[in-house]
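Undergrad:
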Amino acid sequence: MPKRPTLVTAICIYEGLAGLFTLGGEVLSLYLFYAVTPGAHTLPINHLHSAVTLFSAILSLGIASSLWWMRGQAFFLSVLKVLLNLFATVSLFYVLFSSRLHGIDRIGNSPVAVLVFWLPRFTEAALLLVSIAITIYIYRVTIATPPPIIPSGSTDGYIP
Numbered sequence: 006m007p008k009r010p011t012l013v014t015a016i017c018i019y020e021g022l023a024g025l026f027t028l029g030g031e032v033l034s035l036y037l038f039y040a041v042t043p044g045a046h047t048l049p050i051n052h053l054h055s056a057v058t059l060f061s062a063i064l065s066l067g068i069a070s071s072l073w074w075m076r077g078q079a080f081f082l083s084v085l086k087v088l089l090n091l092f093a094t095v096s097l098f099y100v101l102f103s104s105r106l107h108g109i110d111r112i113g114n115s116p117v118a119v120l121v122f123w124l125p126r127f128t129e130a131a132l133l134l135v136s137i138a139i140t141i142y143i144y145r146v147t148i149a150t151p152p153p154i155i156p157s158g159s160t161d162g163y164i165p
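Here the sequence shown stands for residues 6 to 165, numbered as in my numbering.
1. Flag this pair as yes or no: are the beta carbons of residue 14 and residue 79 separated by less than 9 Å?
2. For the alpha helix (DSSP H) that contains residue 15, what are its first and last residues?
3. Would you say residue 27 and residue 59 are within 9 Å of each other, going by their C-beta atoms?
4. Pick helix, strand or coil for residue 73, following the three-state DSSP scheme.
5. State yes or no: is the C-beta of residue 93 within less than 9 Å of the C-beta of residue 57?
6. Suppose you measure from the CA of residue 48 to the CA of residue 42; what does that come to, to the nearest Å?
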């Protein structure tokens, strides 16, 4: 088994905690929403976004697990997560901006309202860029780097 770099360990911890906190937060928010408003119906984008968020959290746990063992499938799981998050971000931007273009302006034009509207969008875009950078690094570490060649008869801590 190849030696795990320190940054890979940090990415494993990041992905694992992100998956756990996202799962917990999403389940808690859905529970609280339906507990407070039992007969409420939400927009379909909210259900889509919840499903994408839950699947993304499960993918994060899979990435953390497979990257811990330095497996190549961590890259493919990470690509799937990036594509899923890109789809969610684009669809959410489309819904938000199409409603603004059609005159449904719920936030007003005060600086605080604009900040409250734009800050989560910029944060989501920044996290998408971080996820793309992590995916590129995972590719370089797991797939682009060939496994080390162990000479036959060597007993340098490697047990076949």
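Note that the Cβ used here is the ideal one computed from N, Cα and C, for glycine as well.
TA: Taking the definition as stated:
1. By 1-based counting over the sequence shown, the position of residue 14 is 9. By 1-based counting over the sequence shown, the position of residue 79 is 74. The beta carbons of residue 14 and residue 79 sit no closer together than 9 Å.
2. For the purposes of this step, residue 15 is identified with residue 10 of the sequence shown, where counting begins at 1. 11-41 is the extent of the alpha helix (DSSP H) around residue 15.
3. As a working note, residue 27 is residue 22 in the sequence shown. As a working note, residue 59 is residue 54 in the sequence shown. Contact annotation: residue 27 and residue 59 have beta-carbon atoms nearer than 9 Å.
4. By 1-based counting over the sequence shown, the position of residue 73 is 68. Secondary structure of residue 73 (DSSP, three-state): helix.
5. By 1-based counting over the sequence shown, the position of residue 93 is 88. By 1-based counting over the sequence shown, the position of residue 57 is 52. Using a Cβ distance threshold of 9 Å, residue 93 and residue 57 count as a contacting pair.
6. The residue labelled residue 48 in the question sits at position 43 within the sequence shown. The residue labelled residue 42 in the question sits at position 37 within the sequence shown. Since pLDDT at residue 48 reaches only 49, below the 50 mark, its modelled position is unreliable, and the value read off the structure follows with that caveat. In this structure, the CA atom of residue 48 is about 14 Å from the CA atom of residue 42.
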